[in-house]
Amino acid sequence: MHTSAIFLAAALIFGSSPVTAHMEMSSPIPFRSKFGANKDKADFSMTSPLGADQALCKGYAVDLADPALGAPTATFKQGEASAVELAGSAAHGGGSCQLSLSTDGAKTFTVIQSIMGGCPATGVKLPFTIPADAPVGKAIFSWSWVAKLSGVPEFYQNCAPIEITAGAGSAAAKTAFKDRPAMFVANINAGNGCKTVASTDPLFPNPGPDVTGTGTPDSTINCGTSSGPASPAPASPAPASPAPASPAPAPASSAPASSAPASSAPAPASSAPAPASSAPGAIISIIPVAPSPPSPSSPSPAPAPASSSISPSSPSASPPPPANPSNGTTTTTPATPAADSGTSTDGSCGAGKRCPGSNCCSALGFCGTTPLHCGTGCQRAFGACAGQSRIRRRN
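Positions -21 to -1, 1 to 374 (mature numbering (1 follows the signal peptide of the UniProt record, and there is no 0)) are the ones given, in order, by the sequence shown.
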């Protein structure tokens, strides 16, 4: 299968759509935001998702120790109603968001508002209320987001230093702050194996008492039981079927029904590879397999699409990449990069824009650090690639 066909198949799998920007929190102003006063410390990749190994808040909670970088950018009273403002134009079809507070330097986050589905929407503010019993003092305000159409399941988060002051005799909280749920974290190592299914509005396992929307059932994997039937239970405690006379174990339902005795060799699980949809939400590696050369004794048939875990309806019309005359291997020649427009500030890459830091530029034009960003099709002219340090385009 040609490389272009692989990218097309990946795009179809993950429901991606070409976009040129992402979203970021503009109020309250996050740590190291371009909207803040410390322009020399600004991070212009705030619209990018967190890397797999990256700390929550991008690790910027350490700025709390700096009187300038960690100064509160907003002050809220207990029980006060307010709203988060976002900047950007690509809401990626929405998704699900949470607003959370941390009072221990980003070690833990407590959810104060969950929005499941349609979040964010361009130009729409996200309302919230500071709990009446939220701890008074300095805190971290978090906006986290799992986009619906981000190409691959990702996790976005912006964090802002804020201060909470005592309220003026507001009504007692219906749910104690200490009893509110922890923030939902997925698709990064900090999520402890929790994943979301692509092209869904994640249904949070425990959204808390303040929630809007319903989310998509069965949209999370290994994230808890409230997000759907993580492990189906039997309808009733019916007794199990009698055990077979032979003690030799056989793979459960892995072989077709047969009259052969239990002691016969187990049949293979399947004669055909399982479809990609058998593991929803998992990151799918698409590995092309070179077709066998035609037999010299028979006419050369038209080449068939290579076997892979995803088979598009028809092979790509793009011609195969040229062979490298120096070593006889086939390589993919990237398109001539456009005029250099500098480092990306909106999470997109290509067309002359390079990803910041060690981010990779995926074949679909996004900056990130996941295998699909840094693996096959990674645009080396605009960022780092798997197994290599960043490669700068030569003039």
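Where a beta carbon is used, it is the ideal one built from N, C-alpha and C, also for glycine.
Grouping DSSP H, G and I as helix and E and B as strand, with all else coil, what is residue i?
i: asparagine 168; result: helix
i: cysteine 357; result: coil
i: valine 41; result: helix
i: phenylalanine 156; result: helix
i: leucine 351; result: helix
i: cysteine 98; result: coil
i: leucine 128; result: coil
i: alanine 363; result: strand
i: lysine 18; result: helix
i: cysteine 346; result: strand
i: leucine 35; result: helix
i: glycine 58; result: coil
i: glycine 329; result: strand
i: proline 2; result: As written in the sequence, residue 2 is methionine, which differs from the proline given in the question. DSSP places methionine 2 in strand when its eight states are reduced to three.
i: valine 90; result: strand
i: isoleucine 119; result: strand
i: phenylalanine 107; result: strand
i: glutamate 64; result: strand
i: cysteine 334; result: coil
i: valine 190; result: strand
i: asparagine 201; result: coil
i: asparagine 137; result: strand
i: alanine 8; result: It is worth fixing the name first, because residue 8 is isoleucine in this sequence and not alanine. Three-state DSSP puts isoleucine 8 in coil, outside helix and strand.
i: proline 28; result: coil
i: lysine 174; result: strand
i: residue 376; result: Given that the chain is displayed from residue -21 to residue 374, the structure contains no residue 376 and the question cannot be resolved.
i: leucine 78; result: strand
i: proline 196; result: coil
i: proline 184; result: coil
i: glycine 72; result: coil
i: alanine 85; result: coil
i: glycine 146; result: coil
i: threonine 322; result: strand
i: alanine 113; result: coil
How would you label residue i, buried or exposed, when you count the other beta carbons within 10 angstroms and need 16 or more for buried?
i: serine 337; result: exposed
i: proline 110; result: buried
i: glycine 38; result: exposed
i: alanine 222; result: Note on alanine 222: pLDDT 45, under 50, position unreliable in the model; the coordinate value appears next. The residue is exposed, with fewer than 16 neighbouring Cβ atoms inside 10 Å.
i: lysine 86; result: exposed
i: aspartate 45; result: exposed
i: asparagine 168; result: exposed
i: serine 27; result: buried
i: threonine 348; result: buried
i: lysine 18; result: exposed
i: glycine 321; result: exposed
i: alanine 360; result: buried
i: alanine 177; result: buried
i: residue 378; result: Residue 378 lies beyond the stretch modelled for the chain, which goes from -21 to 374, so this question has no answer here.
i: alanine 40; result: buried
Spatial neighbours of residue i within its chain, please: CB distance less than 6 Å, with the 5 preceding and 5 following residues excluded, ordered by chain position.
i: asparagine 201; result: Gly172 and Cys173
i: serine 271; result: Here serine 271 scores only 46 on pLDDT, less than 50, and its place in the model should not be relied on; the value that follows carries that caveat. Nothing meets the Cβ criterion.
i: valine 190; result: Ser93
i: glycine 72; result: Lys127 and Leu128
i: aspartate 32; result: Asn168
i: histidine 352; result: Cys339 and Ser341
i: glycine 170; result: Val164
Whose C-beta lies closer than 8 Å to the C-beta of residue i among residues of the same chain, with five residues either side of it excluded?
i: residue 376; result: Because the chain here runs from -21 to 374, residue 376 falls outside it and cannot be looked at.
i: alanine 165; result: Val125, Pro132, Phe134, Cys173, Lys174, Thr175, Pro181, Thr199 and Cys202
i: glycine 187; result: Val90, Ile91, Gln92, Ser93, Thr154, Arg159 and Pro160
i: glutamine 136; result: Leu29, Leu35, Cys36, Lys37, Ser121, Trp122, Ser123 and Trp124
i: glutamate 3; result: Pro9, Ser12, Met25, Thr26, Leu65, Ala66, Gly67 and Asn137
i: alanine 152; result: Pro110, Ala111 and Asp112
i: serine 5; result: Ser12, Phe14, Glu64, Leu65 and Ala66
With a threshold of 7 Å on Cβ separation, who are the neighbours of residue i within its own chain once the five nearest residues in sequence on each side are excluded?
i: threonine 179; result: Lys127, Thr195 and Ser198
i: glycine 49; result: Asp42, Leu43 and Pro140
i: methionine 162; result: Gln77, Ser79, Phe88, Val90, Ser121 and Ser123
i: glycine 362; result: Cys328, Arg333, Cys334, Asn338, Cys339, Cys340, Cys346 and Arg369
i: serine 250; result: Confidence at serine 250 is low in this model, with a pLDDT of 40, below 50, so the placement of that residue is unreliable and no value is reported for it.
Hey, residue i and residue j are a contact pair by Cβ (cut 8 Å); roughly how many whole angstroms apart?
i: threonine 52; j: glycine 15; result: 7 Å
i: serine 75; j: glycine 96; result: 6 Å
i: cysteine 334; j: cysteine 346; result: 4 Å
i: proline 7; j: alanine 60; result: Proline 7 to alanine 60, Cβ: 14 Å. No contact.
Fill in: Contact the stretch 97 to 104 vs the stretch 140 to 151: 3+ CB pairs below 8 Å
Judged by pairs of C-beta atoms under 8 Å, the stretch 97 to 104 does not touch the stretch 140 to 151, as fewer than three such pairs exist.
Worksheet entry | Any 3 or more C-beta pairs closer than 8 Å across the stretch 119 to 126 and the stretch 77 to 95 | Counting Cβ pairs under 8 Å, three or more are found: they touch.
Discussion item. Three Cβ pairs or more, each shorter than 8 Å: is that satisfied between the stretch 150 to 159 and the stretch 15 to 26?
Written reply: Inter-segment contact for the stretch 150 to 159 and the stretch 15 to 26 is absent: fewer than three beta-carbon pairs are separated by less than 8 Å.
Practice prompt. Would you be able to state if there are at least three C-beta pairs under 8 Å between the stretch 327 to 342 and the stretch 351 to 364?
Written response: Because the criterion of three Cβ pairs below 8 Å is met, the stretch 351 to 364 and the stretch 327 to 342 touch.
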